[in-house]
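**Student:** In the working numbering, the protein residues as written are 17 to 335.
I am attaching a structure below and will ask some questions about it afterwards.
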Amino acid sequence: MFKFDREQMVIEIAGRKFGGQPGEYPTGLSGTIFYARHKIVEDERKGIFDKAAAEDLINKQAEMEDITGNPALVQVFGGNPEALVKYIDFVAEVWDGPMLLDSTSGEARMAAARRATEAGYADQCIYNSINVSIEEEEFQNLVESDIEASIVLCFDPMDPSVEGKLNVLLNGGKTADTGMLELAEKAGIKYPLIDVAVTPLGNGAGPAVRASFAVKAKLGLPVGSGIHNIPSAWDWLREFRKKLRESGHTQLAKDVHHVCDIGANIIQTMAVGDFVLYGPIDNAQLTFPAIAMTDAVIAEAAKEMGINPVEAHPFNKLL
């Protein structure tokens, strides 16, 4: 367990706080909705979906937030502008907490930022993300929006080391001319969430986790990741689960993935994570108890270093 010498930033987005010393604030947990092949989506191109099922998933995550004290975030994914705008409009109607604007399409992210600004719920939104690949048009669109929170990705494809991740934040590293933190400031981002960009096992997963400590130690900023990508991209696990299914152990194959998935999120939490993008929102009732337990252990250890958990911390709510 750790106590950093550097003062740790605490940011507040839509009433939820992230950051601080390990053991002080509970880990924020972000579940993704409307992801590719999500069963509640009926037409991913037009953004048609089962509204009752979507609201139920969001409410179940909100219920877990109330039970554990872990702040909930909704990561809203859409493949194109039409779909993403429909999705975020819906989420803003049924959820008052933070939501991430997420897409593989720059046009979709831009449309979402414009819509959030026009509709007046930009204060709920976290842009995903500011990174070395952001183009000038998208950057200017973000500047002109009312969005003040963003994921800032510390990923340099030319240097996946811990030093490379710090450099890309501070000076652009080997890929960009400007540091990602400077870009974020120029875009009007007041509330940065640093994503250490966890890559597959054997290709930088370990250094990415280690970078969490480095970012908080050197910069004092809230840090986290979508670390569930580790088991998702693990070839051995995929083959192992395939063999289980072929031998008739279908449920065990599912359970093995869930254990590795939740275990990955625990790794990020133990590695001073302030937030975790834990994957499908469908897994909220699996993820929140595991991370609440982890947070409680960290908080109990931190008490010996003079750090007291906030009132709504799992250590206070669940013991």
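All C-beta atoms, glycine included, are put in the ideal place defined by N, C-alpha and C.
The model shown is predicted, which means the values in this text are computed figures rather than measured ones.
Excluding the 5 residues preceding and the 5 following H274 in the sequence, name in chain order all residues of the same chain whose CB lies nearer than 8 Å to its CB.
**Tutor:** N299 and L302
**Student:** Is the number of C-beta pairs between the region 284–293 and the region 231–245 that are closer than 8 Å three or more?
**Tutor:** yes
**Student:** Going along the chain, which residues of its own chain have a beta-carbon closer than 6 Å to the beta-carbon of A30, five neighbours each way excluded?
**Tutor:** G113, P114 and Q140
**Student:** What are the boundary residues of the beta strand (DSSP E) that includes D211?
**Tutor:** Y207 to D211
**Student:** Is it the case that the region 160–176 contacts the region 203–219, given that we only count it when at least three CB pairs across the two stretches are under 8 Å?
**Tutor:** yes
**Student:** So, for L100: in the same chain, excluding its five sequence neighbours on each side, which residues have a beta-carbon less than 6 Å away from its beta-carbon?
**Tutor:** G94, S119, A124 and A128
**Student:** Among V92, N157, E40 and A138, which one has its Cα closest to the Cα of F65?
**Tutor:** V92
**Student:** Determine contact between the region 308–323 and the region 30–50, defined as no fewer than three beta-carbon pairs at a distance below 8 Å.
**Tutor:** yes
**Student:** Which word fits A52, buried or exposed, when buried means at least 16 other C-beta atoms lie within 10 angstroms of its C-beta?
**Tutor:** Label assigned to A52: exposed.
**Student:** Among T266, Q267 and G242, which residue has its Cα nearest to the Cα of Q284?
**Tutor:** G242
**Student:** The beta strand (DSSP E) spanning E28 covers which residue range?
**Tutor:** V26 to I29
**Student:** Taking 8 Å as the limit between beta carbons, can you name the residues of its chain near V178, skipping five residues before and five after?
**Tutor:** Result list for V178: P223, R226, A227 and A230, in chain order.
**Student:** If you scan the region 189–254 from start to end, which runs of the beta strand (DSSP E) of 3 or more residues do you find wholly inside it?
**Tutor:** 207–211 and 239–241
**Student:** Output needed for D207: all residues of its chain with C-beta closer than 7 Å, excluding positions within five of it in sequence on either side, in chain order.
**Tutor:** The amino acid at residue 207 is misidentified as Asp; the sequence shows Tyr. Closer than 7 Å at Cβ, skipping near neighbours: I27, I29, E164 and A165.
**Student:** In terms of alpha-carbon separation, which member of R130, N147, E152 and K333 lies closest to K181?
**Tutor:** Cα-wise, what sits closest to K181 is N147.
**Student:** DSSP beta-bridge partners for F93?
**Tutor:** D118
**Student:** Quick one: using the 10 Å Cβ neighbour count with 16 as the cut-off for buried, is N219 buried or exposed?
**Tutor:** exposed
**Student:** Helix, strand or coil: which one does DSSP assign to C141?
**Tutor:** strand
**Student:** Is I297 near I104, with beta carbons less than 8 Å apart?
**Tutor:** no
**Student:** Please state whether DSSP places F20 in a helix, a strand or coil.
**Tutor:** coil
**Student:** Candidates I142, K270 and L197: which alpha carbon is nearest R32's?
**Tutor:** When only C-alpha atoms are compared, the closest one is I142.
**Student:** For the alpha helix (DSSP H) that contains D311, what are its first and last residues?
**Tutor:** A300 to K319
**Student:** If you reduce the DSSP assignment to three classes, tell me which class G322 lands in.
**Tutor:** coil
**Student:** From the DSSP output, read off the bridge partner residues of S161.
**Tutor:** Answer by DSSP bridge pairing: none, since S161 is not bridged.
**Student:** Under the rule that 16 or more other beta-carbon atoms within 10 Å means buried, what is Q156, buried or exposed?
**Tutor:** By the neighbour-count rule (16 or more Cβ atoms within 10 Å), Q156 is not buried but exposed.
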